[in-house]
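Protein chains in written order, with the UniProt record's numbering: chain A, 1 to 335; chain B, 1 to 342. No residue lacks a Cβ here, since even glycine has one placed at the ideal position from N, Cα and C.
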Amino acid sequence: MLRFAVRRIVLLVPVIVGLSLLIFAIARLLPGDPVTLAAGPNATQAEIADLAREFGLDQPLPVQYWHYATGLVTGDWGQSIFTRRPVLEDLKAYLPATLELVVVAMVLAIVIGIPAGLLAAVYRDRWPDYVSRVVSLGAISMPRFFLGLLLQLGLAMWLGWLPLGGRFPLTEDPPPFVTGFLTIDSLWAGDPHAFGVALAYLALPAFATCLSPLATITRMMRATTLEVLQQDYVLTERALGLSQRLIIFKYVLKNAMSSTLTVIGLYFGWLLGGTVLVETVFDWPGIGLYATKAIVTQDFMPVMGVTLTIGVLFVAVNLVVDLLYGLLNPKVRYE
Amino acid sequence: MAFLDIRDLHLAMRTFEGEAHVLNGINLSVERGEIWGLVGETGCGKSLTGLSISRLVPSPPGRYLRGEIRFAGQDLLATPEDGMRRLRGGHIGMIFQDPTTNLNPAFRIGEQMVDVALHADAVDPAILGLAPGASRRQRRVEARRLAIAMLDKVGVPDAARRIDDYPHQFSGGMRQRVLIAMALIGKPELLIADEPTTALDVSVQAQILRLIHSLVLEYQLAVLLITHNLGVVAQLCTHVAVMYAGNIIESGPVRPVFRNPTHPYTRALMKAVPHATHRRGELQGLPGSVPNLFTPPPGCRLAPRCPVAQPRCAERVPPTIAVSPGHDVACVLATPAGSAAA
Numbered sequence: 001m002l003r004f005a006v007r008r009i010v011l012l013v014p015v016i017v018g019l020s021l022l023i024f025a026i027a028r029l030l031p032g033d034p035v036t037l038a039a040g041p042n043a044t045q046a047e048i049a050d051l052a053r054e055f056g057l058d059q060p061l062p063v064q065y066w067h068y069a070t071g072l073v074t075g076d077w078g079q080s081i082f083t084r085r086p087v088l089e090d091l092k093a094y095l096p097a098t099l100e101l102v103v104v105a106m107v108l109a110i111v112i113g114i115p116a117g118l119l120a121a122v123y124r125d126r127w128p129d130y131v132s133r134v135v136s137l138g139a140i141s142m143p144r145f146f147l148g149l150l151l152q153l154g155l156a157m158w159l160g161w162l163p164l165g166g167r168f169p170l171t172e173d174p175p176p177f178v179t180g181f182l183t184i185d186s187l188w189a190g191d192p193h194a195f196g197v198a199l200a201y202l203a204l205p206a207f208a209t210c211l212s213p214l215a216t217i218t219r220m221m222r223a224t225t226l227e228v229l230q231q232d233y234v235l236t237e238r239a240l241g242l243s244q245r246l247i248i249f250k251y252v253l254k255n256a257m258s259s260t261l262t263v264i265g266l267y268f269g270w271l272l273g274g275t276v277l278v279e280t281v282f283d284w285p286g287i288g289l290y291a292t293k294a295i296v297t298q299d300f301m302p303v304m305g306v307t308l309t310i311g312v313l314f315v316a317v318n319l320v321v322d323l324l325y326g327l328l329n330p331k332v333r334y335e
Numbered sequence: 001m002a003f004l005d006i007r008d009l010h011l012a013m014r015t016f017e018g019e020a021h022v023l024n025g026i027n028l029s030v031e032r033g034e035i036w037g038l039v040g041e042t043g044c045g046k047s048l049t050g051l052s053i054s055r056l057v058p059s060p061p062g063r064y065l066r067g068e069i070r071f072a073g074q075d076l077l078a079t080p081e082d083g084m085r086r087l088r089g090g091h092i093g094m095i096f097q098d099p100t101t102n103l104n105p106a107f108r109i110g111e112q113m114v115d116v117a118l119h120a121d122a123v124d125p126a127i128l129g130l131a132p133g134a135s136r137r138q139r140r141v142e143a144r145r146l147a148i149a150m151l152d153k154v155g156v157p158d159a160a161r162r163i164d165d166y167p168h169q170f171s172g173g174m175r176q177r178v179l180i181a182m183a184l185i186g187k188p189e190l191l192i193a194d195e196p197t198t199a200l201d202v203s204v205q206a207q208i209l210r211l212i213h214s215l216v217l218e219y220q221l222a223v224l225l226i227t228h229n230l231g232v233v234a235q236l237c238t239h240v241a242v243m244y245a246g247n248i249i250e251s252g253p254v255r256p257v258f259r260n261p262t263h264p265y266t267r268a269l270m271k272a273v274p275h276a277t278h279r280r281g282e283l284q285g286l287p288g289s290v291p292n293l294f295t296p297p298p299g300c301r302l303a304p305r306c307p308v309a310q311p312r313c314a315e316r317v318p319p320t321i322a323v324s325p326g327h328d329v330a331c332v333l334a335t336p337a338g339s340a341a342a
């Protein structure tokens with residue numbers, strides 16, 4: 001299993017090279033000239049040429065790619081044409097925000113969705129099943145940005161229980177940077193007040209983000225559990241007197257988890273790049289928002305940095321999922 | 001009263017097409033040390049009879065209309081689910097047909113066996129024989145030791161190591177041995193084996209049957225062996241009950257029943273058994289097919305396809321007649337023991 005993990009990590013290298021090549025090519029092939037855009041409408045031809053030289057955009061494409069690729073390795077991911085800030089610095093600031101949002105949303109979805117699906121299957125066609133089916137159908141049908149607006153209207157505007165948007169009040173100092181997750185950093189700093197504030201800001205966007213994976217996980221879990229409950233070994237376990245609780249939460253759960261794990265992995269990767277709408281509605285300073293701004297202004301370097309980061313994370317999540325399969329299903333061999 | 005006593009058991013199953021009357025007055029008495037073979041064609045209610053004893057027929061759709069099942073004097077149909085759970089594993093053990101699907105594939109076999117042993121021990125502390133204050137950890141250790149001993153007893157080689165293997169690492173025959181060990185780890189008095197060898201190779205079948213036979217002698221088990229195979233019954237069982245469409249139509253000690261099959265269905269069943277000496281084309285079946293259980297024929301359920309049926313057969317259910325001591329037949333043509341032969 002260790003050898004499998006190491007080999008998969010080594011295989012990440014060609015994936016990253018391929019991904020960077022692809023992104024680089026797409027960025028250069030897109031119509032429009034970012035240099036002209038950045039220089040402004042009144043810039044002279046000479047000024048535009050200067051700017052292009054400054055960013056190395058006057059050189060042949062292979063040379064440009066070589067510079068880019070060596071930069072990736074040495075920690076220079078280029079800089080934004082507009083803000084002139086290094087991309088890596090920006091990612092360090094924005095990525096943890098998105099990761100925190102996605103991780104909290106996925107944890108919520110898993111912690112609620114798996115028991116909900118399990119119980120819905122066990123109590124098939126009785127009230128727990130009806131509740132879970134109606135809720136998950138509603139959750140999957142509701143567009144996230146619209147739900148976000150409703151939540152803001154109800155819980156933030158009318159009731160005033162939770163902040164409207166943002167990640168941390170501007171008037172307060174955020175906890176010192178350790179992981180970039182404000183909830184963890186505030187606990188690390190031993191500051192329960194900051195933890196509470198961070199949690200309050202996180203609540204609505206995390207809720208809006210978690211609903212769609214929650215619904216999918218619940219439905220997937222319900223379907224696979226129903227299938228597992230029909231298996232002969234469940235009858236044997238009942239016939240030999242094991243309690244319903246032991247059978248469901250130990251013997252059935254582990255068998256039903258495999259297919260749900262696939263969905264969890266896919267959702268995790270998908271959410272990393274798919275939080276743009278929620279980030280926009282809640283003014284959450286994550287990479288979704290950052291990437292959108294960069295795309296609109298044709299700012300290559302940030303777009304490439306974000307895409308590469310999400311790509312690598314996606315592959316990493318899938319590696320973790322593949323390794324978890326082995327824990328759930330002893331027939332999986334890593335060779 | 002017998003150790004296991006089933007009296008006039010009627011079970012109906014609700015389906016989309018209506019309510020099927022699947023068990024139609026089952027009578028069966030099994031003592032410890034007896035091995036009863038329950039035979040009959042697919043769908044006649046053999047398995048449902050076995051599942052009824054453990055109360056594993058889901059309800060709904062199943063519904064007991066009448067009758068009783070007494071196990072060591074206890075009325076099982078009146079026992080709540082919690083009480084039934086205390087009987088399962090520790091007093092009633094079960095083995096099913098397909099060993100490849102009856103072991104949970106995601107767990108080591110020891111894990112499942114230990115849980116069954118712990119359950120049986122919670123009902124009867126003599127299973128592990130530990131003091132009442134023993135810790136959970138001590139119980140698990142002892143349960144594992146017992147599981148290894150059971151695997152050893154059923155002939156799993158190198159049990160101490162193989163207890164940590166997963167089901168897919170065993171052959172079919174070995175898996176059935178594991179399932180037998182699991183069914184017997186709680187020291188049950190009654191073993192219900194539902195076609196335990198049907199899914200196995202013939203040579204392995206013989207090994208498993210020999211194993212069951214030796215375990216019955218050792219533990220003085222009462223056994224209900226559900227099977228299609230009359231040869232198995234002849235070799236292994238002390239008693240046999242023949243079922244047709246929800247009824248036991250003939251039952252008794254194996255020798256008299258097999259030497260002198262009296263019910264027309266039993267005779268037809270015997271004729272349908274292939275023999276090595278018969279030439280091709282000599283097997284005989286019974287014309288017609290199993291009756292529809294939604295609207296079963298009135299009277300004897302075999303009457304529509306019975307070669308010796310008479311008008312009165314369709315009128316009422318034939319009474320059960322003892323043609324010799326212990327040999328009961330439910331047919332109007334049977335003559336009671338002691339009266340002159342017809």
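Neighbourhood of residue i by C-beta distance below 7 angstroms, restricted to the same chain and skipping five residues each side
| i | result |
| --- | --- |
| B/N102 | F96 and L179 |
| B/E111 | none |
| B/M1 | R70 and G73 |
| B/R316 | G299 |
| A/A69 | S20 |
| A/P169 | V197 |
| A/N329 | S258 |
Beta carbon of residue i nearer than 9 angstroms to that of residue j
| i | j | result |
| --- | --- | --- |
| A/L95 | A/G286 | yes |
| A/F82 | A/A38 | yes |
| B/P99 | B/R161 | no |
| B/L221 | B/G33 | yes |
| B/L191 | B/I127 | no |
| A/T224 | A/L101 | no |
| B/I226 | B/A272 | no |
| B/L23 | B/R55 | no |
| A/L118 | A/L214 | no |
Residue i beta carbon near the ligand NAP (any heavy atom closer than 8 angstroms)
| i | result |
| --- | --- |
| A/V234 | Of the ligands one can find in the structure shown there are none, so the ligand NAP has no counterpart to examine. |
Coarse secondary structure for residue i, derived from DSSP in three states
| i | result |
| --- | --- |
| A/N318 | helix |
| B/G18 | strand |
| B/I185 | coil |
| residue 346 of chain B | Only positions 1 to 342 of chain B appear in this structure, which leaves residue 346 of chain B out of reach. |
| A/M106 | helix |
| A/M1 | coil |
| A/H67 | helix |
| A/L242 | coil |
| B/Q97 | coil |
| B/A342 | Here the model assigns B/A342 a pLDDT of 43, short of 50, so the residue's position is not dependable, and the following value carries that caveat. Coil at B/A342, not helix or strand. |
Close beta carbons around residue i, own chain, < 8 angstroms, minus the five adjacent residues each side
| i | result |
| --- | --- |
| A/T179 | P96, D185 and W188 |
| A/L149 | V281 |
| A/V303 | I23, A27, A291, A294 and I295 |
| A/A200 | L162 and P163 |
Residue i burial status per 10 Å Cβ neighbour count (16 or more: buried)
| i | result |
| --- | --- |
| A/R219 | buried |
| B/E218 | exposed |
| B/V257 | buried |
| A/M1 | exposed |
| A/K331 | exposed |
| A/T307 | buried |
| A/G269 | buried |
| B/E81 | exposed |
| B/L38 | buried |
| B/A341 | In this predicted model, B/A341 has a pLDDT of only 47, less than 50, meaning its place in the structure is not dependable; the value taken from the coordinates is given anyway. Per the 10 Å Cβ criterion, exposed. |
| A/G18 | exposed |
Same chain only: Cβ atoms within 6 angstroms of residue i, ignoring 5 sequence neighbours per side
| i | result |
| --- | --- |
| B/M150 | A181 and I185 |
| A/A156 | L162 and L164 |
| B/V223 | I35, L191 and V216 |
| B/Q205 | T197 |
| B/I148 | A159, A160 and I163 |
With 7 angstroms as the C-beta to C-beta threshold (strictly closer), list the residues of the stretch 245 to 261 of chain A near chain B in chain order. L246, Y251, K254 and N255
Using a Cβ-Cβ cutoff of 9 angstroms, what residues of the stretch 34 to 56 of chain B are near chain A? List them in chain order. L51, S54 and L56
Chain B contacts from the stretch 219 to 243 of chain A (Cβ-Cβ distance under 9 angstroms): Q231, D232, Y233, V234, L235, T236, E237, R238, A239, L240, G241, L242 and S243
Please list the residues of the stretch 150 to 178 of chain B that have a C-beta atom closer than 8 angstroms to any C-beta atom in chain A, keeping them in chain order. Y166 and H168
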